[in-house]
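**Q** Take a look at the following structure, please.
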Amino acid sequence: MSHVFHRLPTEPMPTAVSGDGCYIVDSNGKRYLDASGGAAVSCLGHSHPAVRQAMHAQIDKIAFAYSGFFTSEPMEELADYLISNAPEGLERVFFVSGGSEALESAIKISRQYFVEIGQKQRTKLIARRQSYHGNTLGALSLGGNMARRELYQPVLLENAHHIAPCYAYRDKRHDESEEAYGRRVADELEAKILELGPDTVAAFACEPVVGATSGVVPAVSGYLKRIREICDKYGVLLIFDEVMCGMGRTGYLFACEEDGVAPDLLCIAKGLGAGYQPIGAMLVAGKICKAIDEGSGAFMHGHTYMGHTLSSATALAVQKVIRDDNLLENVRKRGVELRTALEERFGNHHHVGDIRGRGLFVGIELVADRTTKQTFDPKLALHNKIRLKAMEEGLMCYPGAGTIDGKNGTHILLAPPFIIDETHIAEIVEKLGRVLDSVLADAKTSA
Ligand SMILES: Cc1ncc(COP(=O)(O)O)c(C=O)c1O
Numbered sequence: 000m001s002h003v004f005h006r007l008p009t010e011p012m013p014t015a016v017s018g019d020g021c022y023i024v025d026s027n028g029k030r031y032l033d034a035s036g037g038a039a040v041s042c043l044g045h046s047h048p049a050v051r052q053a054m055h056a057q058i059d060k061i062a063f064a065y066s067g068f069f070t071s072e073p074m075e076e077l078a079d080y081l082i083s084n085a086p087e088g089l090e091r092v093f094f095v096s097g098g099s100e101a102l103e104s105a106i107k108i109s110r111q112y113f114v115e116i117g118q119k120q121r122t123k124l125i126a127r128r129q130s131y132h133g134n135t136l137g138a139l140s141l142g143g144n145m146a147r148r149e150l151y152q153p154v155l156l157e158n159a160h161h162i163a164p165c166y167a168y169r170d171k172r173h174d175e176s177e178e179a180y181g182r183r184v185a186d187e188l189e190a191k192i193l194e195l196g197p198d199t200v201a202a203f204a205c206e207p208v209v210g211a212t213s214g215v216v217p218a219v220s221g222y223l224k225r226i227r228e229i230c231d232k233y234g235v236l237l238i239f240d241e242v243m244c245g246m247g248r249t250g251y252l253f254a255c256e257e258d259g260v261a262p263d264l265l266c267i268a269k270g271l272g273a274g275y276q277p278i279g280a281m282l283v284a285g286k287i288c289k290a291i292d293e294g295s296g297a298f299m300h301g302h303t304y305m306g307h308t309l310s311s312a313t314a315l316a317v318q319k320v321i322r323d324d325n326l327l328e329n330v331r332k333r334g335v336e337l338r339t340a341l342e343e344r345f346g347n348h349h350h351v352g353d354i355r356g357r358g359l360f361v362g363i364e365l366v367a368d369r370t371t372k373q374t375f376d377p378k379l380a381l382h383n384k385i386r387l388k389a390m391e392e393g394l395m396c397y398p399g400a401g402t403i404d405g406k407n408g409t410h411i412l413l414a415p416p417f418i419i420d421e422t423h424i425a426e427i428v429e430k431l432g433r434v435l436d437s438v439l440a441d442a443k444t445s446a
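Under numbering that gives the first Met the number 0, think of the first position of the sequence shown as 0, with each following residue one higher.
Structure follows, in structure tokens:
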């Protein structure tokens, strides 16, 4: 018996021993095509030579210098790089070790900002249902992932409130344009701010492209612009959670670039270090930095490993590869190819309701009936069956349940490495086809 407290303690798992580009190899020599980058992390695949070399070089100099005593060259250079490419208004980077820490930092700095500028009464947070912002208690309170919240509900923050997601496939009315739908759901933010009391709301948070909770749901055109307008009207800070959709995943370094909207706080992780080291970050608007500089003088928050030297050097190397190899262009090009190939294979499939996404960030929503959009019985636990069958086929994809409301709905998330080529796309589609044919045939016999 393993002494590791695994996520699923009763389910045996293969042992990963090496990485080879877009593949992971297990202890039996079996190869798995990483079509989901784990959980949308490994954007450069595994064992990239330039990243490995940069990591070795940094370890040979110094692996860690505590950020309470020192800054470091890689951390400074990484911050310069991120800010020089960031949406307008973002001026500094607060480095942490992952996505949840980035969101916790955003919640806390929102609070501190309003205290610094003499608006202590702003304590409330708004986010959206069917979103995920992390598993630590603050981030979990902020998020609207009902399945993950349920057990912890009694100990979650009471100042976090939720509005509708922007989920056109399910919620747009037939007589409504995409823009009108986006406007209608964005306006729920204004209604919620007015209900709570405009001078009591500190921040609104959302994922510009929702990740694993509802299976890659991009905001419709105009939605985020309207959200920005509403936040500005009521002096509410806007937090974008780009932990999953950021750092090139959609074909843009920051997903919100495509929407032409800049937040006050922008959280990133996953693709920042591409899984080679744990690292996350919060990019902070100049007005927030200034309030703290001219107020108390320090952000009342921090972690031991923030700005970790080796993690910074690793993330810097990852970002240089993405820039120097022009990988964002590859993400956009291969993203179109991947979605086209999926449409060709599954576009008329009776159980594929929607194929959506941006860049190499793709969601496939499965339905029991394509016309009525009726979902499969959650008791079938199709997402687990798909994951296991895909692993058997040598394919990593990221299926999820509770797509619509935390209970109903099934989807598959694909987030392959930015270095994929047409042979990988063909392999993903072929293997996924076999997996779905087999699992859905079984689902029919057991229904
Ligand atoms: C959008 C989003 N925010 C936050 C997180 C939390 O990140 P982490 O698991 O690194 O704490 C995740 C993780 O999946 C995420 O997808």
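Here a beta-carbon is modelled for each residue, glycine too, at the ideal position from N, C-alpha and C.
Between which two residues does the beta strand (DSSP E) holding Tyr-31 run?
**A** The residue you call residue 31 lines up with position 32 of the sequence shown. Here the beta strand (DSSP E) through Tyr-31 covers 30-33.
**Q** Does Glu-90 come out as helix, strand or coil in the three-state DSSP assignment?
**A** On the sequence shown, position 91 is the one that residue 90 refers to. Here Glu-90 sits in strand by DSSP.
**Q** Would His-173 be called buried (16 or more neighbouring beta carbons within 10 Å of its own) or exposed?
**A** Numbered from 1 along the sequence shown, position 174 holds the residue referred to as residue 173. Classification of His-173: exposed, given that the 10 Å Cβ count is below 16.
**Q** Is it the case that the CB of His-307 approaches a heavy atom of ligand 1 more closely than 7 Å?
**A** In the sequence shown, counting from the first residue as 1, residue 307 sits at position 308. No, the beta carbon of His-307 sits no closer than 7 Å to any heavy atom of ligand 1.
**Q** Between Asn-84 and the rest of its own chain, which residues show a CB-CB distance below 7 Å, the 5 nearest in sequence each way excluded?
**A** Reading the sequence shown from its first residue, position 85 is the one you call residue 84. Leu-252, listed in sequence order.
**Q** Please report the residue range of the beta strand (DSSP E) in which Ala-179 lies.
**A** As a working note, residue 179 is residue 180 in the sequence shown. Element bounds for Ala-179: not the beta strand (DSSP E) but the alpha helix (DSSP H), 177-195.
**Q** The beta strand (DSSP E) with Val-200 in it runs from where to where?
**A** Here residue 200 is taken as the residue at index 201 of the sequence shown, counted from 1. Its beta strand (DSSP E) spans residues 200-205.
**Q** What number of angstroms, rounded off, separates the C-alpha of Leu-81 from the C-alpha of Ser-437?
**A** Mapped onto the sequence shown, residue 81 falls at position 82. Mapped onto the sequence shown, residue 437 falls at position 438. Distance between the alpha carbons of Leu-81 and Ser-437: 44 Å.
**Q** From the DSSP output, in three-state form, read off Met-305 for me.
**A** As a position in the sequence shown, residue 305 is number 306, starting the count at 1. Of the three classes helix, strand and coil, the one that applies to Met-305 here is coil, per DSSP.
**Q** From which residue to which residue does the beta strand (DSSP E) around Val-16 run?
**A** The residue you call residue 16 lines up with position 17 of the sequence shown. 15-19 is the span of the beta strand (DSSP E), which, as asked, contains Val-16.
**Q** Under the DSSP definition of a beta bridge, which residues are partnered with Pro-398?
**A** For this step, residue 398 is matched to residue 399 along the sequence shown. DSSP lists Ile-411 as partners of Pro-398.
**Q** Does DSSP classify Cys-230 as helix, strand or coil?
**A** Locating residue 230 in the sequence shown gives position 231, where the first residue counts as 1. Helix, per DSSP.
**Q** Identify, in the order they occur along the chain, each residue of the same chain with its Cβ nearer than 7 Å to the Cβ of Glu-421, setting aside the five sequence neighbours on each side.
**A** The residue you call residue 421 lines up with position 422 of the sequence shown. Excluding sequence neighbours, Glu-421 sits near Glu-336.
**Q** Indicate the three-state DSSP secondary structure (helix, strand or coil) for Phe-68 in the structure shown.
**A** Here residue 68 refers to the residue found at position 69 when the sequence shown is read from its first residue. Looking at Phe-68 - three-state DSSP - the assignment turns out to be coil, as it is neither helix nor strand.
**Q** Do you know offhand how far Pro-153's Cα is from Ile-162's?
**A** Locating residue 153 in the sequence shown gives position 154, counting from the first residue. Locating residue 162 in the sequence shown gives position 163, counting from the first residue. Whole-angstrom Cα-Cα distance: 20 Å.
**Q** Quick check: what's the CA-CA separation for Thr-409 versus Pro-398?
**A** Along the sequence shown, read from residue 1 onward, the residue named residue 409 stands at position 410. Along the sequence shown, read from residue 1 onward, the residue named residue 398 stands at position 399. Near 7 Å, if we compare the C-alpha coordinates of Pro-398 and Thr-409.
**Q** Starting from Ile-418, follow the alpha helix (DSSP H) in both directions and report where the run begins and ends.
**A** What you label residue 418 is simply residue 419 of the sequence shown in a count that begins at 1. First-last for Ile-418: undefined, no H or E at that position.
**Q** Per DSSP, which residues does Pro-217 bridge with? Please list them.
**A** As a working mapping, residue 217 is identified with position 218 in the sequence shown. Answer by DSSP bridge pairing, in chain order: Val-208.
**Q** Look at the alpha carbon of Met-74 and the alpha carbon of Ser-295, and state the distance between them as a whole number of angstroms.
**A** Working through the sequence shown from its first residue, we reach residue 74 at position 75. Working through the sequence shown from its first residue, we reach residue 295 at position 296. Each residue's Cα considered, the two are about 24 Å apart.
**Q** Can you list the alpha helix (DSSP H) stretches of 4 or more residues lying completely in the segment 312-400, in chain order?
**A** Here the runs fully enclosed are 326-345 and 381-392.
**Q** Let me check you understand the geometry: is the CB of Leu-282 closer than 7 Å to at least one non-hydrogen atom of ligand 1?
**A** Here residue 282 corresponds to residue number 283 of the sequence shown, with the count starting at 1. No, the Cβ of Leu-282 stays beyond 7 Å of every heavy atom of ligand 1.
**Q** With the cut-off set at 8 Å, would you say Lys-269 and Ala-39 are in Cβ contact?
**A** Taking the sequence shown and counting its residues from 1, the one referred to as residue 269 is at position 270. Taking the sequence shown and counting its residues from 1, the one referred to as residue 39 is at position 40. A contact, by the Cβ cut-off of 8 Å.
**Q** Which residues in the same chain have their Cβ closer than 6 Å to the Cβ of Ala-105, if we skip the five residues on either side of it in sequence?
**A** Within the sequence shown, the letter at position 106 stands for residue 105. The answer, listed in chain order, is Ile-238, Leu-264, Cys-266 and Met-281.
**Q** When the Cα of Leu-447 is compared with those of Cys-42, Leu-139, Cys-21 and Thr-308, which residue comes out closest?
**A** Any question about residue 447 goes unanswered here, given that the chain covers just 0 to 446.
**Q** Taking the continuous alpha helix (DSSP H) assigned at Leu-265, which residues delimit it?
**A** Your numbering for residue 265 matches position 266 in the sequence shown. Element bounds for Leu-265: not the alpha helix (DSSP H) but the beta strand (DSSP E), 264-267.
**Q** Given the structure, does Ala-268 come close to ligand 1, in the sense that its CB is under 7 Å from one of the ligand's heavy atoms?
**A** The count along the sequence shown starts at 1 and reaches residue 268 at position 269. Yes, since a heavy atom of ligand 1 falls inside the 7 Å radius drawn around the Cβ of Ala-268.
**Q** Could you tell me which residues DSSP puts in a beta bridge with His-160?
**A** For this step, residue 160 is matched to residue 161 along the sequence shown. Answer by DSSP bridge pairing, in chain order: Ile-125.
**Q** Consult DSSP for Val-283 and reduce its assignment to one of helix, strand or coil.
**A** Taking the sequence shown and counting its residues from 1, the one referred to as residue 283 is at position 284. Val-283: strand per DSSP, three-state reduction.
**Q** Give a yes or no on whether the C-beta atoms belonging to Gly-356 and Pro-262 are separated by under 8 Å.
**A** Here the question's residue 356 lines up with position 357 in the sequence shown. Here the question's residue 262 lines up with position 263 in the sequence shown. Against a cut-off of 8 Å, the Cβ pair of Pro-262 and Gly-356 comes out as no contact.
**Q** Beta-carbon within less than 7 Å of Cys-244's beta-carbon, same chain only, minus the 5 sequence neighbours each way: which residues are those?
**A** Reading the sequence shown from its first residue, position 245 is the one you call residue 244. Here the set comprises Glu-206, Pro-207, Val-208, Gly-210, Ala-254 and Phe-360.
**Q** Just to check my reading of the structure: Lys-377 and Ala-400 have Cβ atoms closer than 8 Å, yes? What is that Cβ distance to the nearest angstrom?
**A** Reading the sequence shown from its first residue, position 378 is the one you call residue 377. Reading the sequence shown from its first residue, position 401 is the one you call residue 400. The question names Lys, but residue 377 is Pro in the sequence shown. Sure, about 6 Å apart at Cβ, within 8 Å.
**Q** Shorter than 7 Å, the distance from the beta carbon of Tyr-275 to the closest heavy atom of ligand 1, or not?
**A** Taking the first residue of the sequence shown as position 1, residue 275 is located at position 276. No; taking the cut-off as 7 Å, the Cβ of Tyr-275 has no heavy atom of ligand 1 nearer than that.
**Q** Evaluate Met-0 with the Cβ neighbour count: other Cβ atoms within 10 Å of its Cβ, from every protein chain shown; 16 or more gives buried, anything less gives exposed.
**A** Translated into the one-based positions of the sequence shown, residue 0 becomes position 1. When all chains shown are included, Met-0 counts as exposed.
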